[in-house]
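FYI, the numbering for the sequence shown is 0 to 217, going by numbering that gives the first Met the number 0. By construction, the Cβ of each residue, glycine as well, lies at the ideal position given by its N, Cα and C atoms. Notes follow once the structure below has been shown.
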Amino acid sequence: MLQKATKIDLILLILRNGGGVHPFKISTIELANELGISQQSASRWVLELEKEGLVERVRGGLKLTSYCLARCRTVYTQLKNFFEADKKLHIDGVVIKGVGDGKYYLSMPEYKKQIKKALGFVPFEGTLNLLVAEHDKKTSLIASRGIEIEGFFKDGRMLGAAKCFKCLVNGKQKGAVIIPLRSHYGSDVLEIIAPVNLRQKFHLKDGSRIWVEVEKGV
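See below:
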C-alpha cells in the first residue's frame with residue numbers, strides 16, 4: 000500500500016528542487032502530479048504552509064522561508080543524532096580563556112555531588128574551554144539527551160541545569176563535555192570538565208590545540 004503524501008512531502012519537494020535558495024517554479028497541477036494528490040489539495044497545502052510561515056511565493060515560484068529552513072536543520076540534526084546515536088564525535092579545538100563561571104559553579108557541592116554520581120569523578124574546579132570550527136558537532140550534542148545534571152535553588156536563586164557527555168581528552172584523560180542549559184558561549188565553544196587540571200596535565204596555554212573524543216550516547 001502506497002503511503003499518502005503530506006505537507007512534509009511538499010516541503011521536501013521544494014527543498015530538493017533548490018527552493019531553499021531560489022524560487023522553485025512549478026504549477027499547482029505539476030505539484031499535484033508530483034505528490035499524487037488533487038490540484039485542490041496542492042493549492043490548499045501551499046496556502047496553509049504560507050499561513051504557517053514556512054513557504055512564500057516569490058517571482059512565480061515557491062521558496063522555503065528562513066524559519067522553515069531553521070526548522071529543517073533542527074529536524075535533520077535530531078534525526079541524524081537518533082540514527083547515529085552509537086557513534087563517537089572527534090572534535091578538534093583551540094584552548095581559549097574562559098569567563099570564570101566554570102570555577103564558580105564547579106566549586107558548589109550540589110554540582111560536585113551530581114557529577115560524581117553521574118560521571119564517577121569529582122571535577123576540578125574549572126572548565127577547559129575550546130574554540131571549535133565545526134559548530135555542527137556541538138549542535139549535535141545539544142540535540143542529544145546526554146547525562147543530566149539538575150538545577151537547584153540556592154540563596155534565593157535558581158541555578159541552571161546542564162547535560163554532560165563522557166569524553167577522552169588527547170586520547171589519554173577521561174573527562175566530560177558539559178553543556179549548561181543557559182550559557183554565555185555559542186556553538187563555537189566547548190566546555191570540558193575532568194578530575195584534574197587539564198591545562199597543567201597537558202601543559203596547555205591559550206592557543207594550544209587539543210582533541211577530544213566524545214561519546215554521544217548516555
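CB contact flag (residue i, residue j, <9 angstroms)
{"i": "Ile177", "j": "Thr126", "result": "yes"}
{"i": "Val93", "j": "Leu130", "result": "yes"}
{"i": "Lys215", "j": "Leu88", "result": "yes"}
{"i": "Ala175", "j": "Ile146", "result": "yes"}
{"i": "Ser143", "j": "Asn80", "result": "yes"}
{"i": "Asn169", "j": "Val213", "result": "no"}
{"i": "Leu68", "j": "Val45", "result": "no"}
{"i": "Ile192", "j": "Ile114", "result": "yes"}
{"i": "Lys3", "j": "Gly35", "result": "yes"}
Residue i burial status per 10 Å Cβ neighbour count (16 or more: buried)
{"i": "Ile13", "result": "buried"}
{"i": "Lys153", "result": "exposed"}
{"i": "Pro122", "result": "buried"}
{"i": "Tyr75", "result": "exposed"}
{"i": "Gly206", "result": "exposed"}
{"i": "Glu51", "result": "exposed"}
{"i": "Asn128", "result": "buried"}
{"i": "Ile28", "result": "exposed"}
{"i": "Gly17", "result": "exposed"}
{"i": "Met0", "result": "Caution applies to Met0, whose pLDDT of 44 falls short of 50 and renders its modelled position unreliable; the value that the coordinates give is listed next. Exposed is the call here."}
{"i": "Tyr66", "result": "exposed"}
{"i": "Gly101", "result": "buried"}
{"i": "Val54", "result": "buried"}
{"i": "Ile148", "result": "buried"}
{"i": "Leu180", "result": "exposed"}
{"i": "Lys136", "result": "buried"}
{"i": "Ala238", "result": "Because the chain in this structure spans residues 0 to 217, residue 238 falls outside the shown range and cannot be described."}
{"i": "Ser139", "result": "buried"}
{"i": "Thr73", "result": "exposed"}
{"i": "Tyr103", "result": "exposed"}
Boundaries (first-last residue) of the beta strand (DSSP E) holding residue i
{"i": "Arg56", "result": "54 to 57"}
{"i": "Pro22", "result": "Per DSSP, Pro22 belongs to no beta strand (DSSP E) and is neither H nor E."}
{"i": "Lys50", "result": "Premise fails: Lys50 lies in the alpha helix (DSSP H), 38 to 50, not in any beta strand (DSSP E)."}
{"i": "Val211", "result": "208 to 214"}
{"i": "Arg156", "result": "156 to 158"}
{"i": "His89", "result": "87 to 95"}
{"i": "Leu167", "result": "161 to 168"}
{"i": "Val176", "result": "172 to 179"}
Endpoints, the alpha helix (DSSP H) within which residue i is located
{"i": "Glu33", "result": "27 to 34"}
{"i": "Asp8", "result": "6 to 15"}
{"i": "Leu118", "result": "108 to 118"}
{"i": "Val188", "result": "Not the alpha helix (DSSP H): Val188 falls in the beta strand (DSSP E), residues 188 to 192."}
{"i": "Val74", "result": "65 to 82"}
{"i": "Gln199", "result": "197 to 200"}
{"i": "Leu105", "result": "100 to 105"}
Contact with chain B by residue i, beta-carbon distance below 9 angstroms
{"i": "Leu48", "result": "Given the protein chain composition of this structure (a single chain), no chain B is represented."}
Any non-hydrogen atom of the ligand MN within 8 angstroms of residue i CB
{"i": "Ile141", "result": "Of the ligands one can find in the structure shown there are none, so the ligand MN has no counterpart to examine."}
(Q) I'd like to know if the segment 162 to 177 and the segment 116 to 135 are in contact, where contact means that at least 3 CB-CB pairs between them fall below 8 angstroms. (A) Output reads yes: the segment 116 to 135 touches the segment 162 to 177.
Q. Counting Cβ pairs, one atom from each stretch, are 3 or more of them under 8 angstroms apart for the segment 42 to 62 and the segment 15 to 34?
A. yes
**Q.** Every unbroken alpha helix (DSSP H) within the segment 127 to 158, with a cutoff of 4 residues, ordered by chain
**A.** 134 to 141
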